[in-house]
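Visitor: Can you read through this structure? Questions will come right after.
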Amino acid sequence: MSSSHPTLGAILTRRIAFFAVLAMILQLVVIFSNYYWNVGELSRLFVEQETERLASGISVEDKNVRYQLPDSVRQRYQERASGYVARIRDAAGALVFSSCDDACESRFLPADVNPPDFWLRSLRPGKPLALVGGRAFAVGNRRFVVDVATIDDPQNVVSSVFWNEVIEHMLVPMSILLVLVLGATLLSVRQALKPVRAAADAADDLDPMDARSHLNFDGMPREVAHLAIAVNRAFERVGELMTSQKVLTSGIAHEIRTPLAAIKLELGNIDHPRARKAEDDLDDLVRFVAELTTLARLDSFDHGIFEAVDLVALSASVVEQLAPWVYENRHSLEFSPQVESALVQGAPALMKDALRNLVENAVHHTPAGTGILVSVSSNIVRVEDRHPGGLRRDTRAPGGSDNLGIGLKIVRRIAELHRASFRQSTSKMGHVFEIVFSDRQPKPMSLRP
Numbered sequence: 025m026s027s028s029h030p031t032l033g034a035i036l037t038r039r040i041a042f043f044a045v046l047a048m049i050l051q052l053v054v055i056f057s058n059y060y061w062n063v064g065e066l067s068r069l070f071v072e073q074e075t076e077r078l079a080s081g082i083s084v085e086d087k088n089v090r091y092q093l094p095d096s097v098r099q100r101y102q103e104r105a106s107g108y109v110a111r112i113r114d115a116a117g118a119l120v121f122s123s124c125d126d127a128c129e130s131r132f133l134p135a136d137v138n139p140p141d142f143w144l145r146s147l148r149p150g151k152p153l154a155l156v157g158g159r160a161f162a163v164g165n166r167r168f169v170v171d172v173a174t175i176d177d178p179q180n181v182v183s184s185v186f187w188n189e190v191i192e193h194m195l196v197p198m199s200i201l202l203v204l205v206l207g208a209t210l211l212s213v214r215q216a217l218k219p220v221r222a223a224a225d226a227a228d229d230l231d232p233m234d235a236r237s238h239l240n241f242d243g244m245p246r247e248v249a250h251l252a253i254a255v256n257r258a259f260e261r262v263g264e265l266m267t268s269q270k271v272l273t274s275g276i277a278h279e280i281r282t283p284l285a286a287i288k289l290e291l292g293n294i295d296h297p298r299a300r301k302a303e304d305d306l307d308d309l310v311r312f313v314a315e316l317t318t319l320a321r322l323d324s325f326d327h328g329i330f331e332a333v334d335l336v337a338l339s340a341s342v343v344e345q346l347a348p349w350v351y352e353n354r355h356s357l358e359f360s361p362q363v364e365s366a367l368v369q370g371a372p373a374l375m376k377d378a379l380r381n382l383v384e385n386a387v388h389h390t391p392a393g394t395g396i397l398v399s400v401s402s403n404i405v406r407v408e409d410r411h412p413g414g415l416r417r418d419t420r421a422p423g424g425s426d427n428l429g430i431g432l433k434i435v436r437r438i439a440e441l442h443r444a445s446f447r448q449s450t451s452k453m454g455h456v457f458e459i460v461f462s463d464r465q466p467k468p469m470s471l472r473p
């Protein structure tokens, strides 16, 4: 899979983030139009936020009230000509803090008036703001009233009020919502795609000739399950096609054997040296047809018949079976296992055919007196021919095959079916052929529901 292709999670993340940012921009436009150009709403926000900052400096210990001007508003309310004034009273009207002179006291509510929880009066319409207002707070079970006033808002506090409203009521909630939505979406996608990832891993092992080789679509989303079902149907059609090819190949092989047997029978009735030569050629042709048929059948092989096979026991069986024939052809055959047991997954009949082809190939293409050694290690079957005089240039070259070039192709194809590798090399004594089984053996597929 190309790394340039983004994951579904990355696509959803980008799209959700894009629309979240777009929603924030639209909401910012709405807030800007509703708040920034609405002087009455800005005035209310100014009084609410400014009085809250001032009230944060009130502390009550037992019956003692202490006040310390917060750092966030210290500069505005310590300077007499700053354009901002404030006053803090308790419920009885006692003064807790004031930066106001007699002139501005007249703009606040009189001390003998019980103030409401919130009040606001505009001194002049429009901007910059000119207003006076107040708000009640409960601190330590005691009630305090904080009054503020500003003329022309020289420090442009209204802008900080506006952006504070944007941060508290738009950016923070939207960010939290974005994180939650992204997290929930990615988690949901990850959970939903688990069976899809499992199906993708299983697809690497799909074999159209394995009757049990199907994608299991249990737990998949409906849309993805449709794709898995379509893949299963496609493999079924491929399997049916290969089965038809297998039947056709078997039929052709059967039809060819009959006339060849008849020809050989007729040649046996002719007493002539040329007839004997024709019989030998006919035997080669019969063997060629058999091997060609075997090679064609391998293309329609069903992996469902794989089982645990002991390479040591299998190789010993083949050596025991071929030994008389090898000796008749004036060769020697030796079996040398390097381990007691070596288990792999495979088809015993095919593995025997591969080893038999290697031994027969060694007999056909080496001079009389050649020793043939079959050895087995943990995952390797090796067939080595050892000439009495060392490697002969007039026999066969590495990578060669039998007289009609089919035997080693059959071995290579059988190795491929077992996900093994077929290696050919030379030694000082002769040629070495190895079938190396990998750790990644074919495994039975999950049955289709």
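According to the numbering used here, the sequence shown is numbered sequentially starting from 25.
Beta carbons are placed, not taken as given, at the ideal position from N, Cα and C, and that holds for glycine.
(1) Any contact of the stretch 72-82 with the stretch 162-171, i.e. 3+ C-beta pairs under 8 Å?
(2) GLY370 lies in the beta strand (DSSP E); which residues open and close that run?
(3) Between which two residues does the beta strand (DSSP E) carrying GLY158 extend?
(4) Helix, strand or coil: which one does DSSP assign to ASN88?
(5) Could you name the residues of the same chain whose beta carbon sits closer than 7 Å to that of GLY370, not counting the 5 residues immediately before and after it, in chain order?
(6) Under a three-way DSSP split, which group does LEU52 fall into?
(7) Under 8 Å by Cβ, that's how I've got LEU451 and GLU384 pegged, so tell me the actual separation to the nearest angstrom.
(8) For ILE35, count the other beta carbons within 10 Å of its own beta carbon; 16 or more makes it buried, fewer makes it exposed. Which is it?
(9) Quick check on DSSP: helix, strand or coil for ARG420?
(10) Out of VAL163, PRO152, SER96 and ILE294, point me to the one whose CA is closest to ALA115's CA.
(11) Could you tell me the alpha carbon to alpha carbon distance between GLY423 and ARG436, rounded to whole angstroms?
(12) Can you look up ASP426 in the DSSP assignment and give me helix, strand or coil?
(13) Check SER146 in the structure and name its three-state DSSP category.
(14) Report the partner residues of LEU289 according to the DSSP bridge assignment.
(15) How would you call PHE43, buried or exposed, if buried means at least 16 neighbouring beta carbons within 10 angstroms?
(16) Measuring only between beta-carbons, confirm whether ARG437 sits less than 8 Å from chain D.
(17) Decide if TYR351 is buried, meaning its Cβ has at least 16 other Cβ atoms within 10 Å, or exposed.
(18) Are the beta-carbon atoms of LYS405 and LEU379 separated by less than 8 Å?
(19) Can you tell me whether DSSP reads ARG104 as helix, strand or coil?
(20) Please look up how many angstroms separate the CB atoms of TYR101 and SER123, rounded, as I've assumed it's under 8 Å.
(21) Leaving out five residues on either side along the sequence, give the residues of the same chain with a beta carbon under 7 Å from the beta carbon of ALA216.
(22) Going straight from the alpha carbon of ALA18 to that of GLN92, what length do you get?
(23) On the premise that VAL213 lies in contact with GLY33, defined as a C-beta separation below 8 Å, what is that separation, rounded to the nearest angstrom?
(24) What first and last residue would you give for the alpha helix (DSSP H) that runs through SER183?
(25) If you draw a straight line from the alpha carbon of SER449 to that of PHE457, how long is it in whole angstroms?
(26) Give me the Cβ distance between THR174 and GLY107, rounded to the nearest whole Å; I'm assuming they're in contact under 8 Å.
(27) Between the alpha carbons of ALA249 and PRO219, how many angstroms are there, rounded?
(28) When you compare the stretch 345-364 with the stretch 396-404, are there three or more beta-carbon pairs, one atom per stretch, that lie closer than 8 Å?
(29) Measuring CA to CA, which of PRO152, GLY150, ARG159 and LEU338 is closest to PHE132?
(30) So, with DSSP's three-state summary, where would you put THR282?
(31) On the three-state DSSP scale, how would you describe THR450?
(32) Just tell me which of ALA386, VAL310 and ALA302 has its CA closest to the CA of LEU284.
(33) Using three-state DSSP, classify VAL120 as helix, strand or coil.
(34) What residue range does the alpha helix (DSSP H) around PRO391 cover?
(35) Just to confirm, is the Cβ distance from LEU69 to GLU189 under 8 Å?
(36) Can you tell me whether ASP307 is buried or exposed? The criterion is at least 16 other CB atoms within 10 Å of its CB, across all chains shown.
Guide: In short:
(1) Yes, the stretch 72-82 is in contact with the stretch 162-171.
(2) Per DSSP, GLY370 belongs to the beta strand (DSSP E) from 367-370.
(3) Counting along the chain, the beta strand (DSSP E) containing GLY158 begins and ends at 154-163.
(4) Here ASN88 sits in strand by DSSP.
(5) Correct list, in chain order: PHE330, VAL333 and HIS442.
(6) In the structure shown, LEU52 sits in a helix (DSSP, three-state: H, G or I).
(7) First, the residue type needs correcting, since residue 451 is Ser and not Leu in the sequence shown. So it is not a contact: roughly 20 Å between Cβ atoms.
(8) So ILE35 ends up on the exposed side.
(9) At ARG420 the pLDDT is 44, less than 50, meaning the model places this residue with poor confidence and gives no usable figure here.
(10) That would be VAL163, whose Cα lies nearest to the Cα of ALA115.
(11) Only weak support is given to the placement of GLY423: the predicted model assigns it a pLDDT of 39, under 50, and the value that follows is read from those uncertain coordinates. Distance between the alpha carbons of GLY423 and ARG436 is about 11 Å.
(12) Only weak support is given to the placement of ASP426: the predicted model assigns it a pLDDT of 43, under 50, and the question is left unresolved by the model.
(13) Three-state result, SER146: strand.
(14) LEU289 is not bridged to any residue.
(15) Label assigned to PHE43: exposed.
(16) Annotation note: the requested chain D is absent from the structure, which comprises a single protein chain.
(17) Classification of TYR351: exposed, given that the 10 Å Cβ count is below 16.
(18) The sequence given here places Val at residue 405; Lys does not occur at that position. For VAL405 and LEU379, yes; Cβs fall inside 8 Å.
(19) Three-state result, ARG104: coil.
(20) Right, their Cβ atoms sit about 4 Å apart.
(21) The answer, listed in chain order, is PRO245.
(22) One cannot answer for residue 18 here, as it falls past the ends of the chain, which runs 25 to 473.
(23) The C-beta distance from GLY33 to VAL213 rounds to 5 Å, short enough to meet the 8 Å contact threshold.
(24) For SER183, the enclosing alpha helix (DSSP H) has its first and last residue at 181-190.
(25) Spanning the two alpha carbons is a distance of roughly 7 Å.
(26) The pair is a contact, with the Cβ atoms about 6 Å apart (cut-off 8 Å).
(27) Going from the Cα of ALA249 to the Cα of PRO219 covers about 10 Å.
(28) Segments in contact, yes.
(29) Closest by C-alpha distance to PHE132, out of PRO152, GLY150, ARG159 and LEU338, is ARG159.
(30) Helix.
(31) DSSP places THR450 in the strand class (E or B) of the three-state scheme.
(32) Of the listed residues, the one whose Cα sits closest to LEU284 is VAL310.
(33) In this structure, VAL120 counts as strand in the three-state DSSP scheme.
(34) Here PRO391 belongs to no alpha helix (DSSP H), and DSSP marks it neither H nor E.
(35) Contact flag set, yes.
(36) By the Cβ neighbour-count rule, ASP307 is exposed, with fewer than 16 other Cβ atoms within 10 Å of its own.
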